[in-house]
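Take a look at the structure set out below.
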Amino acid sequence: HGQPGLPIDLCIDPEADRTTFAVANVGAPIPPETRTTMFRAFEGHGSSNRRNRTGLGLGLFIASQVVEGHGGKLEYVHKDGKVVFRGSVPTAD
1147 HGQPGLPIDL CIDPEADRTT FAVANVGAPI PPETRTTMFR AFEGHGSSNR RNRTGLGLGL
1207 FIASQVVEGH GGKLEYVHKD GKVVFRGSVP TAD
């Protein structure tokens, strides 16, 4: 959903007890009314995104369920002109 032709940043930071990660791309902030439901299944907001009018609203739901299933949490921030989804999960022994 970011700006076409621009890179997607992926950062992974393994630590002793947790591994944090972030996926970011240049893009406008997600509207506040969308943020409250964007991790729910079938809460697609495709009609408000001209580049993705056919989304089913499952991508962020599935991603958050995978992260939560591993004991972590996925969150959204907008920083330095980028849409960032970041999370952390416990590091395996």
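Residue numbering for the sequence shown is 1147 to 1239, as defined by our numbering. Note that beta-carbon positions come from the ideal geometry of N, C-alpha and C, so glycine has one too.
One Cα belongs to Thr1237, the other to Gly1227, and the distance between them is close to 30 Å. Glu1221 carries a strand assignment under DSSP once its states are collapsed to helix, strand and coil. Secondary structure note for Phe1207: it is in no beta strand (DSSP E), and the uninterrupted alpha helix (DSSP H) holding it is Gly1205 to Gly1215. Around the beta-carbon of Leu1206, 16 or more other beta-carbon atoms lie within 10 Å, marking it buried. In the DSSP assignment, Arg1232 falls within the beta strand (DSSP E) that extends over Lys1228 to Pro1236. In the DSSP assignment, Arg1181 falls within the alpha helix (DSSP H) that extends over Pro1178 to Arg1181.
Closest in alpha carbon position to Gly1217, among Ala1209, His1224 and Val1223, is Ala1209.
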